[in-house]
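A.B. asks: Can you read through this structure? Questions will come right after.
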Amino acid sequence: MAATHSHTFDEFVSEADAVPTDGWDFSWFEGRATEARPSWGYARAMGERLGRASAALDVQTGGGEVLNSAPRLPGLTVATEGWAPNVAKATRLLHPRGVVVVASPEDAPLPFADGAFDLVTSRHPVRADWVEIARVLRPGGTYFAQHVGPSSAYELVEHFTGPLPEESHNARHPDRERAGAEAAGLEIVDLRAERLRMEFFDIGAVVHFLKKVVWMVPGFTVDAYLPQLRSLHERIESEGPFVAHSSRHLFEARKPVS
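Start counting the sequence shown at 0; every next residue gets the next number (numbering that gives the first Met the number 0).
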């Protein structure tokens, strides 16, 4: 249900522009935006696998919220994160549970020994480095993750950027990721994809979303995109919620024993 905010454009934008963007807590969107969830229930399924693992790595953990949702964590659990505010937030959240949080750039090799983990997890990694994932997995170990798929929320993105080249629509395609995983020596156990409805009820939700999910419109600032924001605000006010569609896929891959 749409929120019944009676803000002006400037009030919506100012309010959203001031909200902190660290971590992966999306509670601020309550009543302002919705996104359908994939049918497979990633956090629950991740928690089940963590409960059976002996040594686990969560890659690009954000603020640690998803990892922390697991009822039980292995005795050895490590998380990596590249953005300093998220490193601090994840450390505060996860250290009490015995998790070691390692500051590691997203494009750097994983700072761990070969075969260090029997489970590697990740929710919405910027990019899956298949060679590194395969390297740090033990033989018989599993990579279990939820990825952002192709053309995710492009209805919204292209409002700000204009039409994107066809190649960008094919980026993150599950078939490409399957090929990358297999080239690194991993066996695909499960790969499922879904496209899910998103609704933005006010322009403040759009501003906060684009500031939080920074790769959607790189370099986004309110000032840089003021005309697009105003036109979208007017559209929402006159037509109702702006609808887009996110793209998600579930990935489970296994490192062969031999």
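Glycine included, every Cβ here is placed at the ideal spot set by N, Cα and C.
(1) Kindly list the residues whose CB is nearer than 7 Å to the CB of P104, restricted to its own chain and excluding five residues on each side of it in sequence; keep chain order.
(2) Could you tell me whether the segment 115-133 touches the segment 91-102, where touching means 3 or more Cβ pairs closer than 8 Å?
(3) Around the C-beta of F11, are 16 or more other C-beta atoms found within 10 angstroms, so that it is buried, or is it exposed?
(4) Helix, strand or coil, according to DSSP, for M0 in the structure here?
(5) Measuring from the CB of P70, is there a heavy atom of the ligand SAM at a distance below 7 Å?
(6) Could you tell me whether the Cβ atoms of A89 and G62 are closer together than 8 Å?
(7) If we call anything under 8 Å between Cβ atoms a contact, is A252 one with F28?
(8) Determine contact between the segment 192-201 and the segment 127-140, defined as no fewer than three beta-carbon pairs at a distance below 8 Å.
(9) Going by DSSP in three states, L163 sits in which element: helix, strand or coil?
(10) Work out the CA separation of V216 and S258 for me, nearest whole Å.
(11) To the nearest angstrom, how far is it from the Cα of H232 to the Cα of S257?
(12) DSSP has A243 in a bridge; who is on the other side?
(13) So, under 8 Å CB-CB, L49 and L118 are touching, yes? Tell me the CB distance rounded to an integer number of Å.
(14) What number of angstroms, rounded off, separates the C-alpha of Y224 from the C-alpha of A112?
(15) Thinking just about the alpha-carbon of each residue, which of E198, R229, L209 and G40 is nearest to the one in V242?
(16) For the beta strand (DSSP E) that contains S121, what are its first and last residues?
(17) Check each candidate in T7, A17, A32 and D16 and name the one with the smallest Cα separation from H244.
(18) When burial is assigned at 16 or more other CB atoms within 10 Å of the CB, is V18 buried or exposed?
(19) Can the beta-carbon of F208 be found less than 8 Å from the beta-carbon of P240?
(20) In whole angstroms, what is the alpha-carbon distance linking R51 and F250?
(21) Ignore the nearest five residues each way along the sequence and tell me which others in P258's own chain have a CB closer than 7 Å to its CB.
C.D. replies: On the basis of the data shown:
(1) For P104, same chain residues with a beta-carbon under 7 Å away, outside a window of 5 residues either side, are G81 in chain order.
(2) No: fewer than three Cβ pairs fall under 8 Å.
(3) Buried, because 16 or more other Cβ atoms sit within 10 Å of the Cβ of F11.
(4) Here M0 scores only 39 on pLDDT, less than 50, and its place in the model should not be relied on; the value that follows carries that caveat. M0 falls in the coil class under three-state DSSP.
(5) With respect to the ligand SAM, the structure shown offers nothing to examine, as it has no ligands at all.
(6) Going by C-beta atoms, A89 is nearer than 8 Å to G62.
(7) Cβ distance not < 8 Å, so A252 and F28 don't count as in contact.
(8) Because the criterion of three Cβ pairs below 8 Å is not met, the segment 192-201 and the segment 127-140 do not touch.
(9) Three-state DSSP puts L163 in coil, outside helix and strand.
(10) Within the shown structure, residues of the chain are numbered from 0 to 257, placing residue 258 beyond reach of any answer.
(11) A direct Cα-to-Cα measurement between H232 and S257 gives close to 57 Å.
(12) According to DSSP, residue pairing for A243 in a beta bridge involves M197.
(13) Going by Cβ atoms, the distance from L49 to L118 rounds to 7 Å, so yes, they are a contact pair.
(14) Across the structure, Y224 and A112 are spaced so that their CA atoms are roughly 44 Å apart.
(15) Taking only the C-alpha atoms, the option nearest V242 is E198.
(16) Where S121 is concerned, the enclosing beta strand (DSSP E) stretches over F116 to R122.
(17) Relative to H244, the option among T7, A17, A32 and D16 whose CA is nearest is A32.
(18) So V18 counts as exposed.
(19) A distance of 8 Å or more separates the beta carbons of F208 and P240.
(20) The alpha-carbon atoms of R51 and F250 are separated by roughly 18 Å.
(21) A query on residue 258 cannot be resolved here, the shown segment of the chain reaching from 0 to 257 and no further.
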